[in-house]
Amino acid sequence: MASIATEWSDDLIVIDTSAQRFGSGVDIWQIGEVPDPLGPPCWAVMAARYLLSLPYEEAVPRLLEFVGEAAGADRAWMLRFNDEVSLLRNSNEWCREGVSSHVADLQNVPVTILGEMLAPLREGRSIAVNDVSLLPRSLRSMQVEFRHQQIQSTLTVPVRNDDGRLIACIGLDSTRAERRWTVDEVHALIQIAALMGVANTEGAPSRRPVGEDFSVPVYLRSGRTIRGVPLASIAAIRADRDGAIVCLRDGVTLDDDRPLRWWQSVLPEQDFLRVHRSALINVRLVEMLRRRQGGQDLELLVTGLPESTPVSRASAAELRRRLGA
Numbered sequence: 001m002a003s004i005a006t007e008w009s010d011d012l013i014v015i016d017t018s019a020q021r022f023g024s025g026v027d028i029w030q031i032g033e034v035p036d037p038l039g040p041p042c043w044a045v046m047a048a049r050y051l052l053s054l055p056y057e058e059a060v061p062r063l064l065e066f067v068g069e070a071a072g073a074d075r076a077w078m079l080r081f082n083d084e085v086s087l088l089r090n091s092n093e094w095c096r097e098g099v100s101s102h103v104a105d106l107q108n109v110p111v112t113i114l115g116e117m118l119a120p121l122r123e124g125r126s127i128a129v130n131d132v133s134l135l136p137r138s139l140r141s142m143q144v145e146f147r148h149q150q151i152q153s154t155l156t157v158p159v160r161n162d163d164g165r166l167i168a169c170i171g172l173d174s175t176r177a178e179r180r181w182t183v184d185e186v187h188a189l190i191q192i193a194a195l196m197g198v199a200n201t202e203g204a205p206s207r208r209p210v211g212e213d214f215s216v217p218v219y220l221r222s223g224r225t226i227r228g229v230p231l232a233s234i235a236a237i238r239a240d241r242d243g244a245i246v247c248l249r250d251g252v253t254l255d256d257d258r259p260l261r262w263w264q265s266v267l268p269e270q271d272f273l274r275v276h277r278s279a280l281i282n283v284r285l286v287e288m289l290r291r292r293q294g295g296q297d298l299e300l301l302v303t304g305l306p307e308s309t310p311v312s313r314a315s316a317a318e319l320r321r322r323l324g325a
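End of the sequence shown = 325 in UniProt numbering, gap-free, step of one.
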């Protein structure tokens, strides 16, 4: 029996083939050596842990950071498509220290920029570009973009939802040197993409307001991870020590390194209002303005926030004016 185990895996061994415990028809197995969690065979397992333990939008940046580090890549990223697969946008990016970020590039760009790369991606095929300089003339537009981002080699894997529709791509970039992507690396990313397609909560167009994903993006920064979210999806921003917590209308919360005063300076005044020293809210997503129980002060109920938001007396008049209350 041990010889059969060796045929399948050098690490899988039989530790009990005797009839003393459960009878001659039972073998007891264990892993002889725990596999390296950074090796490609374990990437999908780690990805599944993130996708099962966190909301989808929180899992994606954690997953990309893990895979980027484990693969020794310079960037790990995610591109998303609109429902008609006519536009694409960079939504998430992890960068190794010292590597430039380009998540703000390629926003709401026609998919024609992909040229001949689009067809195999629609069919569920992955594209490993080992040497960007050798791309054919038909992919000139992508070659220009790759060079702009200092990419020498890149791996692109499609993410498709339950009905086979292309909803995104994930990938790895090498900027410091050319790199030939291995079979194990490609296979691992294909497995991760399959898990993301199943876990994706945005697969059905009806689950998110039409066009919201492709509204003006705002980029959140947490450490070396950058993620774009549609401006219209932000319900509120709360102060959190030296940074902020961004609350989305679907209930997801995301960390950002920048303080609340920075957010107040960049968000459009017609949509966002500072209602408290520690909170900015999206006026368009206010569901109710009411008095706090047992007092005269006001509080707000905002879409996506599990708790009410207090309103300072200094902000009350402007808030009432905005809401027409």
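Ideal Cβ positions, reconstructed from N, Cα and C, are used throughout, including at glycine.
N90 vs V99 beta-carbon contact at 8 Å: no
When you compare each of L155, R274, L54 to A314 by their alpha carbons, which one comes out closest? R274
Buried or exposed for residue 330, going by 16 or more other Cβ atoms inside 10 Å? Coverage of the chain is limited to positions 1 through 325, which leaves residue 330 absent and any answer about it impossible.
Is it buried or exposed for M288, if we count other Cβ within 10 angstroms and need 16 for buried? exposed
Just tell me which of R125, L298, L231, L285 has its CA closest to the CA of G304. L285
Beta-carbon gap between A73 and L172 smaller than 8 Å: yes
Which complete alpha helix (DSSP H) runs does the UniProt domain "HTH LytTR-type" (218-325) hold, if anything under 4 residues is left out? 260-266, 313-323
Would you grab the beta carbon distance between A244 and L260 for me? Rounded to a whole angstrom, and I think it's under 8 Å. 5 Å
Would W181 pass as a contact of A239 if the rule is Cβ separation under 8 Å? no
For T112, is the classification buried or exposed, using 16 other Cβ atoms within 10 angstroms of its Cβ as the cut-off for buried? exposed
Output the distance between the C-alpha atoms of M46 and G39, rounded to the nearest integer angstrom. 11 Å
Starting from the C-beta of V186, find all residues in its chain whose C-beta is less than 7 Å away, skip the five residues before and the five after it, and write them out in chain order. S126, A128, L155
Bounding residues of the alpha helix (DSSP H) (the contiguous stretch that carries D74): From DSSP, D74 is part of no alpha helix (DSSP H); its letter is neither H nor E.
For C95, list the residues DSSP reports as bridge partners. R75
Measure from the alpha carbon of R96 to the alpha carbon of each residue in E318, R224, E307, then state which is nearest. R224
Could you give the residue range of the alpha helix (DSSP H) that holds S141? 140-148
Alpha-carbon spacing of L121 relative to V144, whole angstroms: 20 Å
On a Cα-Cα basis, can you pick out the residue from A193, S312, P217 that is closest to V266? P217
Bridge partners - C169, DSSP secondary structure assignment: L79, P158
Can you tell me which of the three DSSP states W181 falls into? coil
Hey, is R320 close to the ligand MG, as in C-beta under 7 Å from one of its heavy atoms? Absence of the ligand MG from the depicted structure is noted, as is the absence of any ligand whatsoever, leaving it without description.
Which listed residue (D250, M117, R137, G68) has its alpha carbon closest to that of V302: D250
Please report how far the alpha carbon of D105 lies from the alpha carbon of R241, in whole angstroms. 30 Å
Backbone secondary structure at P209 - three-state DSSP: The pLDDT assigned to P209 is 44, lower than 50, so where the model puts this residue is not dependable, and the model offers no usable value.
Can you tell me which residues form a DSSP beta bridge with P110? L87
Whole-angstrom Cβ separation of L64 and W94, contact assumed at under 8 Å? 5 Å
Alpha carbon to alpha carbon, how far is C169 from L87? Give it in angstroms, no decimals. 13 Å
Beta strand (DSSP E) segment containing V129, residue limits: 127-129
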